[in-house]
Every structure is written in structure tokens, then in C-alpha cells.
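K.L.:
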Amino acid sequence: MNILISGANGQIGTELTMHLFQRYGKDSVFPTDVREGGDGFVSDYLDITSRDALYEYIRTHNITRIYHLAAILSGNGEKNPLTAYHVNMEGTLNVLEACREFSLERVFSPSSIAVYGGDAPRQNTPEDSILKPETMYGITKVSSELLFDYYHRRYGCDVRSLRFPGVISYKAEPGGGSTDFAVDIFRQAVDQGHYSCFVREDSRLPFMYMPDVIASIDGLMDAPQGSLRRRTYNVTGFSASAGDFAREVSSLVPGFSIEYAPDFRQAIVDQWPESIDDGPARNDWGWKAEYDLTSLGKDMIQHLKSSSAGGNPNGNSGGHVKEAS
Ligand code: SER
3 MNILISGANG QIGTELTMHL FQRYGKDSVF PTDVREGGDG FVSDYLDITS
53 RDALYEYIRT HNITRIYHLA AILSGNGEKN PLTAYHVNME GTLNVLEACR
103 EFSLERVFSP SSIAVYGGDA PRQNTPEDSI LKPETMYGIT KVSSELLFDY
153 YHRRYGCDVR SLRFPGVISY KAEPGGGSTD FAVDIFRQAV DQGHYSCFVR
203 EDSRLPFMYM PDVIASIDGL MDAPQGSLRR RTYNVTGFSA SAGDFAREVS
253 SLVPGFSIEY APDFRQAIVD QWPESIDDGP ARNDWGWKAE YDLTSLGKDM
303 IQHLKSSSAG GNPNGNSGGH VKEAS
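In the working numbering, the protein residues as written are 3 to 327.
(1) Cβ of asparagine 4 within 7 Å of Cβ of aspartate 35?
(2) May I ask you to report which of helix, strand or coil DSSP gives asparagine 78?
(3) Could you tell me the boundaries of the beta strand (DSSP E) in which serine 243 lies?
(4) Can glycine 120 be considered in contact with the ligand SER, in the sense that its beta carbon sits closer than 6 Å to one or more heavy atoms?
(5) Check glycine 320 in the structure and name its three-state DSSP category.
(6) Tell me which residues share the same chain as serine 111 and place their Cβ nearer than 6 Å to its Cβ, disregarding the 5 neighbours each side in the sequence.
(7) Here's the rule I'm using: 16 or more other beta-carbon atoms within 10 Å means buried, otherwise exposed. How should leucine 148 be labelled?
(8) Under the three-state reduction of DSSP, which class applies to asparagine 64: helix, strand or coil?
(9) Around the Cβ of methionine 20, are there at least 16 other Cβ atoms within 10 angstroms (buried) or fewer (exposed)?
(10) Is the beta carbon of threonine 51 within less than 6 Å of some heavy atom of the ligand SER?
(11) Assign serine 308 to one of three DSSP states: helix, strand, or coil.
(12) So, for serine 252: in the same chain, excluding its five sequence neighbours on each side, which residues have a beta-carbon less than 7 Å away from its beta-carbon?
(13) So, arginine 267 versus phenylalanine 200, is the Cβ gap smaller than 7 Å?
(14) Does the beta-carbon distance from glycine 239 to methionine 212 come in below 7 Å?
(15) Give me the Cβ distance between proline 176 and isoleucine 115, rounded to the nearest whole Å; I'm assuming they're in contact under 8 Å.
(16) With 16 as the cutoff for other CB atoms within 10 Å, does tyrosine 47 come out buried or exposed?
(17) What are the partner residues of phenylalanine 32, as DSSP defines its beta bridges?
(18) Cβ of glycine 9 within 7 Å of Cβ of alanine 72?
(19) Do leucine 207 and the ligand SER come close, with the Cβ less than 6 Å from some heavy atom?
(20) Applying the criterion that 16 or more other CB atoms from any shown protein chain within 10 Å of the CB defines a buried residue, is arginine 155 buried or exposed?
(21) To the nearest angstrom, report how far apart histidine 322 and glycine 39 are at their CA atoms.
(22) Mind reading off the beta-carbon distance from proline 282 to tyrosine 235? Whole number of angstroms is fine, and I expect it under 8 Å.
(23) What does the Cβ neighbour count give for histidine 193, buried or exposed, with the cut at 16 atoms within 10 Å?
(24) Identify, in the order they occur along the chain, each residue of the same chain with its Cβ nearer than 7 Å to the Cβ of serine 310, setting aside the five sequence neighbours on each side.
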């Protein structure tokens, strides 16, 4: 199996690439991105919005599976809606066409809680709720989910997707989303002892820690085709408010202080569920998250303190990246 990863230098891609290197061997995994960077590896330049370039890359490297992570997230997407539409829609369509044309064995691509809008229930929200997002990012993710269903139904493509909540990690920087406050708070606490939070204290959302994100991708991609009853599953770890994060950080970083200065991202998170139902993923392929806010908090602070003290907690080298999931 030869694996292409798009958006390999982003928040999820950075860690998924290292994980897939370990799992399948470096010679079988091809990280790509339009930006330089990568923590512990060098990615090839590939613009996923160019179908010709994608096809050429697939032929050259005999690609059989794609993890398509390249995307413009919700916050950056509202600053540049046309760019978000172009990157997210063209990228997804090209990957799906490649799956059909080259009979790829399997494709993974993340979806998001951003598919929900204000009409969906906000507690324990199931997959099949009303999907009327108001952000360009959410609109492209609903469209992508529908395209996954279409390519599976019409062409038999084995396309699989997870609706992630806010993703938290200490390696790569978050990628311009509206849930970035839950990562920034840990980084700023360790660096400066203070955080100015861009959402209100009572803003409550679902989250997942990166080891659970990687485990859920493996779990879905390893599941026998026959066990799947849908193309896109909700997955979640725990739900917490910005105030809950602040209290957790205060207990770990003495003297930590926080102020709340909501910006345009407040209106985005106000549309999203406070918690989502991941029952179908549990039932169909045995999904279960390991981390809650307490275990995540300890791990985040420990690794960030170690790296700010000059250590290298990842065993990797290289800088951080700024955009894309
Ligand atoms: N973390 C993402 C965002 O905030 C949600 O998918 O855009």
C-alpha cells in the first residue's frame, strides 16, 4: 500500500504522518502540502486543487490510498470565503475523482462539527440532524459529506470520514479554526502565564485530544467494509467550556490569568453543538475515546513545558505550521 497525505504539515497531518510512518514504513507514506514545514519530515509540494498535479503524483508514486486533510478551517474561511470554497471543494472533488479513476483502495477525509448550524439540537447531536451551517467551511464540509455518499453509492468508492469536534494537540499549531482557543490557552499559559480568549467563558463545545484523533482514524480505516453503516461518523472525546479550560489550566500553571475578549469567532461557535452523539461509531466499529479534560490538560502542560525549557518532547525537529487541518 502506498499512502498519499494531503495537508501533511497541518495540525492533524503533522501527527498522522509520523504515526503512518511508524505503522506502514517511511517508504510507503508520501506526505504532501503546499507549505513548507513538517515536524520530523519533509513533505513534497502538491497543490490538491490541481487535478493534473494530483494524478501525476499518484502515477509517479503508485498511490493506492489517500488521507485528504488539506482544508481551510472555519476562522480563516470567514476571512477568505472564496479561497475556502476553492481549496475545500476542488480538493475534495479531485480526491474523489482520483479514487474513481485509479480505483484507489480507500480514502479518508475529515469532516467537522461545523456541518451543524443553529437549527440543529445543541446537546448530544446525532449525525442525521438538520445540517444548515452558516460558515463557508461548514458549507464545504456538508457538501463533501454528500459527495462521499454520492461517490460511494454511484461508483462504489470506499470513502470514509469522521466529523471531528475541536482538535487539541501540542505539536503543530492549530490551523485557523474557531476551536483554536482550546489549544492557544495551554500554549500561552506556558509561554506568558496569561491568555486573552476570543470566545466567552460559557462557550461550551466538544473536543478531542490528538492521540484519540489518530486512534479514531485508524479505527475507521481498519473497520471491515461490511461493518460500516454510513460514510461519515461523529466522534468525540469530552465537552468543556472556555471557563472549564481556564480552571484546568489554573490548577496546572500557578498564577495563570485569563481575560475574555470575544471576536468574530464567537458567532461561529454559538452555532455549533455543545456535545455530539458518537453512538453509531461505538456500535459499528468499537470507537471509544481515552482522554478527558483532566488527562489531556496534564499531558499538554507537561509536553509544552518540556519544549519551552529547550527539550524536544516529540523526538522530532523543525518548526510549526500555521494553516490547514
Ligand atoms: N476546529 C475546526 C474549526 O474550528 C472545526 O472543525 O474550524
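For glycine and all other residues, C-beta sits at the position ideal for the given N, C-alpha and C.
P.N.:
Put simply:
(1) no
(2) helix
(3) For serine 243, the enclosing beta strand (DSSP E) begins and ends at 240-243.
(4) no
(5) The pLDDT assigned to glycine 320 is 32, lower than 50, so where the model puts this residue is not dependable; a value taken from the coordinates is nonetheless given after this. Looking at glycine 320 - three-state DSSP - the assignment turns out to be coil, as it is neither helix nor strand.
(6) His70 and Ser163
(7) exposed
(8) Taken through DSSP and simplified to helix, strand or coil, asparagine 64 comes out as coil.
(9) Looking at its Cβ environment, which holds 16 or more other Cβ atoms inside 10 Å, methionine 20 is buried.
(10) For the ligand SER, not one heavy atom lies less than 6 Å from the Cβ of threonine 51.
(11) helix
(12) Phe258
(13) yes
(14) no
(15) With a Cβ gap of about 15 Å, proline 176 and isoleucine 115 do not count as contacting.
(16) exposed
(17) Leu6
(18) yes
(19) no
(20) exposed
(21) Unreliable placement is indicated for histidine 322, whose pLDDT of 29 sits below 50; no coordinate value is reported for it.
(22) 6 Å
(23) The sequence shown places aspartate at residue 193, rather than the histidine named in the question. Exposed.
(24) So the qualifying residues of the chain are Val192 and Asp193.
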